Structures are given as structure tokens and as C-alpha cells.
Amino acid sequence: MKNTQRIKKLLQDFDYVNPELGKIIRSLRKTVMSIAPDSEEKIMYGGIIFVIPNRMFCGLFLRKNHISVEFDLGYLLKDTEKHLEGSGQYRRHLKIFNKKDIKIKKTENFILQSFKIEPL
92 MKNTQRIKKL LQDFDYVNPE LGKIIRSLRK TVMSIAPDSE EKIMYGGIIF VIPNRMFCGL
152 FLRKNHISVE FDLGYLLKDT EKHLEGSGQY RRHLKIFNKK DIKIKKTENF ILQSFKIEPL
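If you read the sequence shown in my numbering, its first letter stands for residue 92, the second for the next number, and so on.
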């Protein structure tokens, strides 16, 4: 996975905008990279997306007061506790407001599920 200067700059910008969420987004990024070390990391829509062949399986976006963890085929993810948000045709997302939300909302599980989905 490439760690380009543009991504480093974006992470610095995140730290500047919201230092607490900047740390959390770095932690989430490491989680994604540990699950999918061969994925391609890109900047898109003001955030970081993670691409595997034929799809963007995860995206991390800093919002005003939370991090949005986006899943391209989120409607296929198993979510018995109803943590995922969104009602569009395909995409779903998690809103992460603090470090505790990562565990409470089972973020790593959703990232892993999304990574394992076969492209349509």
C-alpha cells in the first residue's frame, strides 16, 4: 500500500481540524491496512478510500464532529445490532464520534466483512 505525500498531508490536515478525530482516523487507517495490506489507498471526496480490484471497499472521511466509515456494498453487511446508517441502494456507513465507538460499533468486523465481499 502506498503512503504518498498527499495522504500524509491530508492526515496532517485532519489533525489540524480536529486533533482527537485525527488520531482516531489514523487508528482506523491502520486497521484497514492490517486487514487489506495489498489494497490501494487513494484520496477521494476529501477522505481516504481503500481500493481492491473492482471496488472501493472502505472509506474514511472526517466530518465536523465525527468520522464516517463508508462501505460501498454496505447493504450486504451483517448488522444484527443496527450500527450501520444509510438507506441508499448500496452504501452504508458508521459514525465514529470517539475512540469507544470503534469497539461499540464493531468497526473492525464491518471493515473485514466489506473486504471479503465479492464484487457484483
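For each residue, glycine too, the CB sits at the ideal point set by N, CA and C.
Remember, predicted model here, so these are calculated numbers, not experimental data.
Give the C-beta separation of residue i and residue j to the nearest angstrom, bearing in mind that I take them to be a contact with Cβ-Cβ under 8 Å.
i      : j      : result
Glu131 : Ile98  : No, Glu131 and Ile98 are not in contact; Cβ-Cβ is about 11 Å, not under 8 Å.
Ile208 : Thr198 : Not confirmed; about 16 Å, so no contact.
Val102 : Arg117 : The sequence given here places Leu at residue 102; Val does not occur at that position. Right, the Cβ-Cβ distance comes to about 6 Å (below 8 Å), so this counts as a contact.
Give every residue of the same chain whose Cβ lies closer than 8 Å to the Cβ of residue i, excluding the five residues on either side of it in the sequence, and list them in chain order.
i      : result
Lys143 : Per the sequence presented here, residue 143 reads as Ile, with Lys not at that position. Contacts found: Ala127, Asp129, Ser130, Glu131 and Phe206.
Leu175 : Phe162, Gly165, Leu168, Arg183, His184, Leu185 and Phe201
Asn145 : Pro210
My output table needs one value for residue i: the three-state DSSP class, helix, strand or coil.
i      : result
Ile158 : strand
Phe105 : helix
Ile208 : coil
Leu153 : strand
Per DSSP, which one or two residues make a beta bridge with residue i?
i      : result
His184 : Glu161 and Glu176
Glu201 : Here the sequence assigns Phe to residue 201, which means Glu is not the residue at that position. Phe201 is not bridged to any residue.
Gly80  : As shown, the chain starts at 92 and ends at 211. That puts residue 80 outside it, with no answer to give.
Would you mind working out which of the options sits nearest residue i, comparing C-alpha positions?
i      : options                           : result
Leu151 : Glu172, Asn145 and Lys114         : Lys114
Glu111 : Arg154, Phe148 and Gln180         : Arg154
Lys191 : Gln96, Ile158 and Tyr181          : Ile158
Asn189 : Leu102, Asn156 and Val123         : Asn156
Val160 : Val108, Leu203, Asp106 and Tyr107 : Leu203
Lys196 : Ser125, Gln180, Glu172 and Leu119 : Glu172
Less than 6 Å between C-beta atoms, sequence neighbours within five positions excluded: which residues of the same chain meet that for residue i?
i      : result
Ile140 : Lys133, Met147 and Gly150
Gly42  : What is shown of the chain runs 92 to 211, which leaves residue 42 out entirely.
Looking only at its own chain, which residues have a Cβ that is under 7 Å from the Cβ of residue i, when we skip the five neighbours before and after it?
i      : result
Lys194 : none
Does residue i come within less than 8 Å of chain D when only Cβ atoms are used?
i      : result
Asp163 : Among the chains in the structure shown there is no chain D, since it carries only a single protein chain.
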